[in-house]
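Just below is one structure, and these are the notes that go with it.
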Amino acid sequence: MNSAEPFEGAGDIRRAWARGLSPDPALTVSEWADRHRVLSSRAASEAGPYRTNRTPYMRAIMDALSPASPVQRIVFMKSAQVGATEAGNNWIGFCMHRAPGPFLAVQPTVDLAKRLSQQRIEPLIEESPDLRELVLPSRSRDAGNTVLAKRFPGGQLILTGANSAVGLRSMPARWLFL
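Count along the sequence shown from 1, then add 1010; that gives the number in our numbering.
Here it is as structure tokens:
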């Protein structure tokens, strides 16, 4: 046995420990989407890695949703089918992965919230490896992971309808998507 081996092993351990203590690099929502988001054929006409350059006009909006942005409120007036829902889904995925906390996503009705969950949020989680590791599949017997509630380390996504007083009651939220 070479006397240098224990020290080399200790150096490897020390370097690994230092890497583990290093914070993750700061990312904007658009950067996160480009690195981590995978579009499902169930939820998009073009499956595969998400590319912000396909909708470059959404970059500034997504980046304003990033925690490092000084922007507190974003109001977005738009036409249909311009990528706003996917930008919102990118924000949801980013928050689950990089900025966890209670997240409330409100649709006009509970039925639309269920549809958003099944058609957009579940594929977002299933197709993006980092999110798939964080969120268990929806199960009716697991109160933390249902169609309208997705639990992840450090937070929970609640989807509800604006027409549901019960769904909006007593729900503290760090993040709100209306």
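We treat Cβ as the ideally placed atom computed from N, Cα and C, and that holds for glycine.
Model, not experiment: these values are computed from the prediction.
When the Cα atoms are used, P1147 and R1161 turn out to be separated by approximately 10 Å. Of R1108, D1121, R1083, P1080, the smallest CA-CA separation from L1158 is found for D1121. In the structure shown, L1122 falls within a helical segment according to DSSP collapsed to helix, strand and coil. The straight-line gap separating the alpha-carbon atoms of G1165 and R1052 is approximately 26 Å. The continuous alpha helix (DSSP H) containing I1135 extends over residues 1132–1137.
DSSP places T1095 inside the alpha helix (DSSP H), whose first and last residues are 1094–1108. Rounded to whole angstroms, the gap between the alpha carbons of P1182 and Q1091 is 31 Å. Judged by DSSP secondary structure, G1177 falls within the alpha helix (DSSP H) whose first and last residues are 1175–1178. With contacts defined by Cβ atoms closer than 8 Å, I1084 and I1102 do not form a contacting pair.
Rounded to the nearest whole angstrom, the CA to CA distance from P1080 to A1020 is 43 Å. For the set C1105, V1176, G1111, the Cα lying nearest the Cα of L1037 is the one of C1105. Contact between A1123 and T1170 holds: their C-beta atoms lie close to 6 Å from each other, under 8 Å.
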